[in-house]
Amino acid sequence: MNLSTLNKQLIWHPFTQEKTAPFPIPIKKGSGSYLYDEAGKAYLDLISSWWVNLHGHSHPEIAHSIAQQALELEHVMFAGFTHEPAITLCENLQTILPPSLNKFFFSDNGSTAVEVALKMAYQYAYNKTGTKKNLFIGFEGGYHGDTFGAMSLGKTSGFYAPFEDLFFKAMHVPYPSTWNHDTDIESKESNALNKLKNILETHSNHIAAIILEPLVQGASGMRLSRPSFVQKVVQLARTYEVLVIFDEVMTGFGRTGTYFATDQIGATPDFICLSKGITGGFLPLALTVTTANIHEAFLSHDIKKTLFHGHSYTANPIACKAAITSLKLLQDKPTHTSIQNIHQAHQKGIPYLEETLKEKISHTRIQGTIAAFEVNSHNENLNALLKAAFLKEGLLIRPIGSTVYLIPPYSTTAQELEKTYEKIQQILIAL
Ligand SMILES: *Cc1c(COP(=O)(O)O)cnc(C)c1O
Numbered sequence: 001m002n003l004s005t006l007n008k009q010l011i012w013h014p015f016t017q018e019k020t021a022p023f024p025i026p027i028k029k030g031s032g033s034y035l036y037d038e039a040g041k042a043y044l045d046l047i048s049s050w051w052v053n054l055h056g057h058s059h060p061e062i063a064h065s066i067a068q069q070a071l072e073l074e075h076v077m078f079a080g081f082t083h084e085p086a087i088t089l090c091e092n093l094q095t096i097l098p099p100s101l102n103k104f105f106f107s108d109n110g111s112t113a114v115e116v117a118l119k120m121a122y123q124y125a126y127n128k129t130g131t132k133k134n135l136f137i138g139f140e141g142g143y144h145g146d147t148f149g150a151m152s153l154g155k156t157s158g159f160y161a162p163f164e165d166l167f168f169k170a171m172h173v174p175y176p177s178t179w180n181h182d183t184d185i186e187s188k189e190s191n192a193l194n195k196l197k198n199i200l201e202t203h204s205n206h207i208a209a210i211i212l213e214p215l216v217q218g219a220s221g222m223r224l225s226r227p228s229f230v231q232k233v234v235q236l237a238r239t240y241e242v243l244v245i246f247d248e249v250m251t252g253f254g255r256t257g258t259y260f261a262t263d264q265i266g267a268t269p270d271f272i273c274l275s276k277g278i279t280g281g282f283l284p285l286a287l288t289v290t291t292a293n294i295h296e297a298f299l300s301h302d303i304k305k306t307l308f309h310g311h312s313y314t315a316n317p318i319a320c321k322a323a324i325t326s327l328k329l330l331q332d333k334p335t336h337t338s339i340q341n342i343h344q345a346h347q348k349g350i351p352y353l354e355e356t357l358k359e360k361i362s363h364t365r366i367q368g369t370i371a372a373f374e375v376n377s378h379n380e381n382l383n384a385l386l387k388a389a390f391l392k393e394g395l396l397i398r399p400i401g402s403t404v405y406l407i408p409p410y411s412t413t414a415q416e417l418e419k420t421y422e423k424i425q426q427i428l429i430a431l
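Structure below.
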């Protein structure tokens with residue numbers, strides 16, 4: 001039996017309506033920015049395989065370091081034991097994170113990194129004063145993962161209607177999404193800040209934390225916000241003594257043009273959630289990084305003040321090793337150059353699309369290595385049509401609704417992106 005038939009019999013895929021979705025494409029090999037199917041057809045991976053890959057597929061240096069680590073120590077439970085790769089990774093990350101974020105809690109995916117931050121924020125208040133602050137604040141369009149706490153904060157994504165009765169208490173502030181030639185941003189921002197201020201004024205006594213994706217909301221369609229807005233959100237939260245969680249699961253590790261989006265904000269959160277790019281896209285790993293102040297509130301002779309949270313694969317040494325190697329590559333000069341080249345390629349490609357496609361597209365936007373725009377069409381099947389057309393042309397691009405976005409791995413060259421923009425233009429003209 002061929003792979004597609006067996007796959008259909010056995011496997012239930014994520015985020016997939018299995019009744020209508022086309023058969024998944026069996027991928028045989030990955031190399032650099034390309035994935036190859038069974039027949040040898042190449043796909044240029046312009047979305048970093050769900051935003052995880054940084055340096056290209058099957059990068060030999062990461063692959064070798066993983067192999068070595070697997071032969072040395074594959075895993076050890078992380079309560080009562082520790083190991084060098086976990087420590088080295090945190091030591092190295094500390095050199096590029098804000099100095100106040102210096103307590104590292106491991107888990108293994110973006111959702112769990114968020115759950116851990118939510119639980120820490122909640123229990124922090126409980127440990128300090130015995131109060132139960134049972135309200136969280138998120139932004140409309142925010143996405144934080146698919147576990148229950150993360151879903152409660154990402155409620156407005158619209159993915160979770162069947163579960164809403166089970167969610168814990170969260171309020172959502174309007175998100176002032178912005179784009180090139182946006183003339184309305186000041187009023188959108190002040191509206192959002194006023195709403196936030198009202199919520200804080202009324203409820204700050206029982207708000208455990210506010211969570212946001214700094215600079216770019218990923219899953220709701222690469223929606224940008226300005227650094228000065230994020231800074232004001234943090235300042236407001238500080239005024240009302242509410243904890244701040246930055247979900248950098250997608251924005252971390254260079255995507256926005258700096259190591260972290262936080263670097264552009266001019267304000268530091270109490271928690272930062274990292275995953276996706278952390279291992280260069282090789283293995284699942286996540287970190288919730290927080291301050292000594294938060295950590296201290298959990299130190300006690302009273303056992304109830306412990307953070308009782310952990311996962312079987314917490315700080316898996318092989319994943320940590322992949323992360324160490326990936327971070328080293330990220331810090332190399334050529335990677336910095338690649339990140340700039342990708343940004344510049346977007347800065348040429350996006351105006352080219354605007355000039356040639358006119359009102360077929362709108363809301364163009366660029367942030368670091370990320371570029372996005374809306375396709376203006378009344379076709380109900382637009383999303384599926386675009387996906388299929390891109391794949392046919394050998395482009396792995398996966399539009400969200402009518403939003404087309406690119407978030408390529410740093411192995412992608414300016415020429416590859418130039419070609420990509422030409423192909424996108426042709427596909428949209430033919431649509
Ligand atoms: C993908 C994502 C998550 C969830 O990460 P998983 O590893 O898929 O659980 C959380 N927050 C943001 C901002 C994300 O983009």
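Numbering (the numbering used here), first residue to last: 1 to 431.
Quick reminder that beta carbons are idealized off the backbone N, C-alpha and C, glycines included.
Reduced DSSP category for residue i - H, G, I as helix; E, B as strand; rest coil
i, result
"V249", "coil"
"T290", "strand"
"D263", "helix"
"N127", "helix"
"M120", "helix"
"I211", "strand"
"F298", "coil"
"N109", "coil"
"N102", "strand"
"T403", "strand"
"F390", "helix"
"V76", "coil"
"T420", "helix"
"L396", "strand"
"I96", "coil"
"T258", "coil"
"H309", "coil"
"T88", "helix"
"T279", "helix"
"T178", "strand"
"H172", "strand"
"L431", "coil"
"L274", "strand"
Rounded distance between the beta-carbons of residue j and residue i, thought under 8 Å
i, j, result
"V242", "L200", "6 Å"
"V173", "F139", "5 Å"
"F168", "G149", "7 Å"
"I245", "A117", "5 Å"
"D89", "I324", "Reading off the sequence shown, one finds Leu at residue 89, where the question assumed Asp. Contact holds; Cβ gap of about 5 Å."
"I207", "K133", "6 Å"
"N180", "T364", "5 Å"
"Y160", "A219", "At roughly 12 Å, the Cβ-Cβ gap does not stay under 8 Å, so Y160 and A219 are not in contact."
"Y36", "I27", "7 Å"
"Q69", "K305", "34 Å between Cβ atoms; not a contact."
"I361", "N376", "6 Å"
"N53", "G281", "3 Å"
Check whether residue i and residue j have beta carbons under 8 Å apart
i, j, result
"I427", "F373", "no"
"S338", "Y421", "no"
"T279", "I370", "no"
"P176", "S228", "no"
"G394", "A42", "yes"
"T290", "F271", "yes"
"L287", "F105", "yes"
"L307", "A113", "no"
"A315", "A86", "yes"
"A284", "D45", "In the sequence as displayed, the identity of residue 284 is Pro instead of Ala. Not closer than 8 Å, so no."
"L396", "I47", "yes"
"H30", "S58", "Note that residue 30 is Gly in the sequence shown, not His. Result yes, Cβ atoms of G30 and S58 sit closer than 8 Å."
"L153", "A170", "yes"
"S33", "P334", "no"
"S111", "D165", "no"
"F298", "G277", "no"
"L236", "K197", "yes"
"I446", "G266", "No statement about residue 446 is possible, as the shown extent of the chain runs from 1 to 431 and does not include it."
Uninterrupted alpha helix (DSSP H) stretches inside the stretch 321-384 (no shorter than 4 residues): 333-357
Note down, one range per segment and in chain order, each beta strand (DSSP E) of at least 3 residues found wholly within the stretch 135-169. 135-139
Could you tell me which uninterrupted beta strand (DSSP E) segments, each at least 3 residues in length, are contained entirely in the stretch 180-242, listed from first to last along the chain? Correct list: 207-212.
Continuous beta strand (DSSP E) assignments of at least 3 residues falling wholly in the stretch 7-59: As for any beta strand (DSSP E) of minimum length 3 sitting wholly inside the stretch 7-59, the runs are 27-31, 34-37 and 42-45, ordered along the chain.
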